[in-house]
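To keep things clear, I will list the structure first and then write my remarks on it.
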Amino acid sequence: MSEALSHVVIVGAGHAGGSAAAFLRQYGFEGPITLIGEEPIPPYQRPPLSKAWLKGEADADALALKPESFYAENGVDLRLNSRVDRIDPAAKTVHLTDGNSVSYDFLILATGARARTLNAPGADLYGVMALPTAADAEMLKAALGPGKSLAVIGGGYIGLEAAASARALGAEAVVIEVQPRVLARVACETLSTFFQDYHRARGVRFELNVGVNGFEGADGRVTGVKLSDGRTLACDAALVGIGALPNEELAKAAGLTCADGVVVDLSSRTSDPSIFAIGDVSRRPAPLYERDVRLESVANALEQAKQVASVIAGRPVAPPEVTWNWSDQYDLKLQIAGLAVDADEILVRGDPASAKFAVFHLKDGQVRAVEAVNAAPEFMAGRQLIASRRTVARDKLADTTVSMKEVAA
Amino acid sequence: MAKITYIEHNGTEHTIEVKPGLSVMEGAVKNNVPGIDADCGGACACATCHVYVDDAWQAKTGEKTAMEESMLDFAEGVEPNSRLSCQIKVTDALDGLIVRLPESQH
Numbered sequence: 044m045s046e047a048l049s050h051v052v053i054v055g056a057g058h059a060g061g062s063a064a065a066f067l068r069q070y071g072f073e074g075p076i077t078l079i080g081e082e083p084i085p086p087y088q089r090p091p092l093s094k095a096w097l098k099g100e101a102d103a104d105a106l107a108l109k110p111e112s113f114y115a116e117n118g119v120d121l122r123l124n125s126r127v128d129r130i131d132p133a134a135k136t137v138h139l140t141d142g143n144s145v146s147y148d149f150l151i152l153a154t155g156a157r158a159r160t161l162n163a164p165g166a167d168l169y170g171v172m173a174l175p176t177a178a179d180a181e182m183l184k185a186a187l188g189p190g191k192s193l194a195v196i197g198g199g200y201i202g203l204e205a206a207a208s209a210r211a212l213g214a215e216a217v218v219i220e221v222q223p224r225v226l227a228r229v230a231c232e233t234l235s236t237f238f239q240d241y242h243r244a245r246g247v248r249f250e251l252n253v254g255v256n257g258f259e260g261a262d263g264r265v266t267g268v269k270l271s272d273g274r275t276l277a278c279d280a281a282l283v284g285i286g287a288l289p290n291e292e293l294a295k296a297a298g299l300t301c302a303d304g305v306v307v308d309l310s311s312r313t314s315d316p317s318i319f320a321i322g323d324v325s326r327r328p329a330p331l332y333e334r335d336v337r338l339e340s341v342a343n344a345l346e347q348a349k350q351v352a353s354v355i356a357g358r359p360v361a362p363p364e365v366t367w368n369w370s371d372q373y374d375l376k377l378q379i380a381g382l383a384v385d386a387d388e389i390l391v392r393g394d395p396a397s398a399k400f401a402v403f404h405l406k407d408g409q410v411r412a413v414e415a416v417n418a419a420p421e422f423m424a425g426r427q428l429i430a431s432r433r434t435v436a437r438d439k440l441a442d443t444t445v446s447m448k449e450v451a452a
Numbered sequence: 234m235a236k237i238t239y240i241e242h243n244g245t246e247h248t249i250e251v252k253p254g255l256s257v258m259e260g261a262v263k264n265n266v267p268g269i270d271a272d273c274g275g276a277c278a279c280a281t282c283h284v285y286v287d288d289a290w291q292a293k294t295g296e297k298t299a300m301e302e303s304m305l306d307f308a309e310g311v312e313p314n315s316r317l318s319c320q321i322k323v324t325d326a327l328d329g330l331i332v333r334l335p336e337s338q339h
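Quick note, the sequences are listed as chains A and B, same order. Quick note: the first sequence, position 293, residue 336 per the working numbering, numbers continuous. Quick note: the second sequence, position 78, residue 311 per the working numbering, numbers continuous.
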């Protein structure tokens, strides 16, 4: 069969899956594309769910990855409300739970990740939610407003963004974190302290070093969070943001190699040459860091969507990018480049008190990662420095009177 | 509606009616104009929606914020008329706007 007539089936109609379909067409692929998604709506962007959208600054149209007409106009058979039951890799067929089956020449798994749930009494009460889908976000938005209170369980980026959005909507917010500081797993102490202080100054309360034993409710609705120290915090809604798990069950059942994520190479190909995996569900090589990683970010989803579209459309695959991500809280824009792993030195450029600074993670004098708060030049130059792997002049990097252009030159 | 013409690096023109209130970036992405990636969806976080604003339209597209300016500072192929299209809000006054797209957004 010629490549041009290959049938591409994409399982998962999120940011990664929707983008893969769009890049396939952009790169000139003319074969049929079937895009299968569980949710009732076409692919949309998730990052705004805890940011601009939650604050009411973006509507549903703005969330959509493409206009609804895009799919029909571009020959993409979009099947919503559809769930894949199993993959038969030998017969190159996916079987849907509704009894239908679709055969493929290339299969792209873009099934994403699901929020890790709290296995605690009362976690099924109305108002206890995670934030993986637009439907959850709708429920959260409806629960917030003046006089309401939000309990955020887990001091990660999504939790902090939701707390900031809750404050913007006039609601009270408390963040409960079992570690001694927020962002404990993803950021250095300087950044954690900065975010805690910034949130506190805007009325967010923190309960650190304390776990959650369960939830209290009335009439099926959450009314409070029970802490491990015996206290109960009253709330109208509870957002559980304690990480995510890859939706890799279909891949596992199909015999694909998985290791907390479907293992892929730098063209997003799995252990089955006809099957690819992209986005949050995949575990991919990060050559700069000499390890495999599972990345939950738009940048990664798009990079891998381009990789697979390139392979199928017969184009060369671009070399790997320096991974990046961002977070919006209040008037803060945090931009992160690279992976803060294996660092042997942390260098802060600028003064956190000015809310404009950057934390550089160095290893052997090379920049491995940068976390930039309202500091776009540090982020942009940091990406270049990470990619170049050259030894950076520490004194210049620490000196804000030396421009990042000069540091990176 | 404002008519906006996006000219790809290879010369292909796309003229599109864009609803006021959207950004120039959204007008392109929602109509599948290739050449504007907009990875971050309009948060001014990635500099992958870089465009060159036709000289006649520069004043009407407004001033760059400090954030946009610094992001552009490090983008490739930046010219005095470079903008991040997610930061240009479409209004009726931009009816007829012409923007050119760079060869690559990365």
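Backbone N, C-alpha and C define an ideal beta-carbon position, used for all residues, glycine too. The model shown is predicted, which means the values in this text are computed figures rather than measured ones.
- In the same chain as B:Ala308, and ignoring 5 residues on each side of it, the C-beta atoms closer than 6 Å to its own belong to Ala280 and His283, in chain order.
- Less than 9 Å separates the beta-carbon of A:Ser370 from that of A:Leu203.
- For A:Ile201, the enclosing alpha helix (DSSP H) begins and ends at Tyr200 to Ala211.
- At a cut-off of 9 Å between beta-carbon atoms, B:His339 makes contact with chain A.
- B:Pro253 is bridged by DSSP to B:Leu255.
- Counting along the chain, no beta strand (DSSP E) covers A:Phe72, and no H or E run does either.
- Taking a cut-off of 8 Å for Cβ pairs, the segment 371 to 381 of chain A and the segment 412 to 420 of chain A touch, as three or more such pairs fall below it.
- In the pairwise beta carbon analysis, the segment 295 to 315 of chain A is classified as touching the segment 323 to 334 of chain A: at least three pairs are separated by under 8 Å.
- Counting only residues of its own chain and dropping the five nearest sequence neighbours on each side, B:Glu336 has a CB closer than 6 Å to the CB of His242.
- DSSP lists A:Leu375 as the bridge partner or partners of A:Gln372.
- A:Val341 reaches chain B at Asp272, Cys273 and Gly274, counting residues in chain order whose Cβ is nearer than 8 Å.
- When Cβ-Cβ separations below 9 Å define contact, A:Glu292 makes no contact with chain B.
- Here DSSP, grouped into helix, strand and coil, assigns A:Thr444 to coil.
- In this structure, the beta-carbon distance from A:Asp141 to A:Arg157 does not fall below 9 Å.
- For the options B:Ile331, B:Met234, B:Cys319 and B:Arg333, the alpha carbon positioned closest to that of B:Gly274 is the one of B:Cys319.
- Listed along chain A, no residue sits closer than 7 Å to B:Met258 by beta-carbon distance, the nearest being about 11 Å off.
- For the set A:Val351, A:Ala396, A:Cys278 and A:Phe258, the Cα lying nearest the Cα of A:Val360 is the one of A:Val351.
- Assignment of beta strand (DSSP E) within the segment 94 to 127 of chain A, counting only whole runs of 3 or more residues, yields 119 to 122 in chain order.
- The continuous stretches of beta strand (DSSP E) do not include B:Glu241, and DSSP gives it neither H nor E.
- Annotation note: the segment 255 to 337 of chain B contains the following uninterrupted alpha helix (DSSP H) runs of length 4 or greater, listed N- to C-terminal: 257 to 262 and 299 to 306.
- Residues Thr160, Gly257, Phe258 and Val283 of the same chain have their beta carbon placed closer than 8 Å to that of A:Ala166, with the five preceding and five following residues left out of the count.
- Assignment of beta-bridge partners to A:Gln409 by DSSP yields A:Lys406 and A:Thr434.
- Looking at the backbone, the Cα of A:Pro420 and that of A:Glu116 are separated by about 40 Å.
- The segment 295 to 304 of chain B and the segment 429 to 437 of chain A do not touch, with fewer than three beta-carbon pairs separated by less than 8 Å.
- Using a 10 angstroms sphere on the CB of A:Met423, the tally of other CB atoms reaches 16 or more, which defines it as buried.
- Ranked by Cα distance from A:Gly254, the first of A:Ser340, A:Ala216, A:Glu220 and A:Asn290 is A:Glu220.
- The contact set of B:Pro267 on chain A, defined by CB atoms closer than 8 Å, consists of Gln69 in chain order.
- Scanning its chain for C-beta atoms nearer than 6 Å, with the 5 sequence neighbours on each side dropped, one finds around A:Ala216 the residues Leu193, Ala206, Ala209, Arg210 and Val247, in chain order.
- Residue state for A:Gly393 is assigned as strand, using DSSP reduced to three classes.
- An exposed status is given to B:Lys293, since fewer than 16 other beta-carbon atoms sit within 10 Å of its beta-carbon.
- Within chain A, no residue has its beta carbon less than 8 Å from that of B:Met234; the closest one is some 15 Å off.
- When Cβ pairs closer than 8 Å are counted between the two stretches, the segment 239 to 255 of chain B is seen not to touch the segment 85 to 96 of chain A, the count staying below three.
- Across the segment 97 to 121 of chain A, CB contacts with chain B closer than 9 Å involve Ala101, Asp104, Ala105, Leu106, Ala107, Leu108, Lys109, Pro110, Phe113, Glu116 and Asn117, in sequence order along the chain.
- Counted as a single uninterrupted DSSP element, the beta strand (DSSP E) harbouring A:Thr266 occupies residues Arg264 to Leu270.
- Per DSSP, A:Asp167 lies in no alpha helix (DSSP H) segment and is marked neither H nor E.
- Taking C-beta atoms as the reference points, A:Gly170 and A:Gly260 count as a pair closer than 9 Å.
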